[in-house]
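To keep things clear, I will list the structure first and then write my remarks on it.
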Amino acid sequence: MLNALEVFTTVVVGLMVGVEFSVAFIMNRILDALPGDSGQLGHAHGGRMLGAVMPFWYIGSLALSAVWAIAGWHHHGAGLVVTAAALLILSVIMSILLLVPINNRNKAWTPENRPEDWKEQLNRWQRFHYVRVAVIIAAFTLLVAALA
Numbered sequence: 004m005l006n007a008l009e010v011f012t013t014v015v016v017g018l019m020v021g022v023e024f025s026v027a028f029i030m031n032r033i034l035d036a037l038p039g040d041s042g043q044l045g046h047a048h049g050g051r052m053l054g055a056v057m058p059f060w061y062i063g064s065l066a067l068s069a070v071w072a073i074a075g076w077h078h079h080g081a082g083l084v085v086t087a088a089a090l091l092i093l094s095v096i097m098s099i100l101l102l103v104p105i106n107n108r109n110k111a112w113t114p115e116n117r118p119e120d121w122k123e124q125l126n127r128w129q130r131f132h133y134v135r136v137a138v139i140i141a142a143f144t145l146l147v148a149a150l151a
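By the count of the numbering used here, the sequence shown reaches residue 151 at its end, each step adding exactly one.
As structure tokens, then:
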């Protein structure tokens with residue numbers, strides 16, 4: 004049963020990493036290249052859509068990692084799993100304190116009501132997001148290493 008938990012957790016975290024990596028390095032570049040207000044509208048829609056799903060994914064990934072750490076406490080790789088869980092905690096804290104406030108503003112913006120500094124706010128969100136992606140990649144890497 005522990006093996007199934009380990010694999011399931013690693014897959015869930017790996018898929019989350021893939022989505023967030025795609026947002027950072029593919030989707031944002033596509034949206035930023037769109038003409039006129041299309042990019043800003045796309046960012047707002049993405050903020051609404053992913054903003055509704057990702058909290059569950061982040062908390063679920065953290066919970067699965069915590070269960071793995073507890074269930075596998077006396078097994079090989081437990082320290083790696085605990086460290087991965089700590090990194091996932093950091094990613095949740097970063098999200099709540101840094102990214103969600105910007106996203107909550109962004110998802111309501113339209114070309115008619117967006118603030119003058121909307122591009123700077125989106126750029127700040129993207130910089131924070133790059134750091135968060137690095138953190139969750141590190142967590143995923145540790146989970147994969149713990150499987151060995």
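For each residue, glycine too, the CB sits at the ideal point set by N, CA and C.
What you are looking at is a predicted structure, and each value in this text was computed from that prediction instead of being measured.
Excluding residues up to 5 positions away in sequence, Gly-80, Leu-83, Val-84 lie with their Cβ nearer than 6 Å to the Cβ of Ala-149 in the same chain. Within the stretch 52-97, the runs of alpha helix (DSSP H) that reach at least 4 residues and sit entirely inside it are, in chain order, 81-97. With a 10 Å radius around the Cβ and a threshold of 16 neighbouring Cβ atoms, Ile-139 comes out buried. In the assembly as shown, Leu-67 is a buried residue. Its beta-carbon has 16 or more other beta-carbons within 10 Å.
By the criterion of a C-beta distance shorter than 7 Å, Phe-131 is surrounded in its chain by Met-97, Leu-101, Leu-102, once the five residues flanking it on both sides are discounted.
Here Asn-31 has Gln-129 as same chain residues with Cβ atoms under 7 Å from its own Cβ, once five neighbours each way along the sequence are excluded. Contact between the stretch 29-43 and the stretch 54-66 is not established, with fewer than three Cβ pairs separated by less than 8 Å. A Cβ-Cβ distance of about 7 Å is found for the pair Ile-62 and Val-95, placing them in contact under the 8 Å criterion. For Thr-113, the secondary structure class from DSSP, reduced to helix, strand or coil, is coil.
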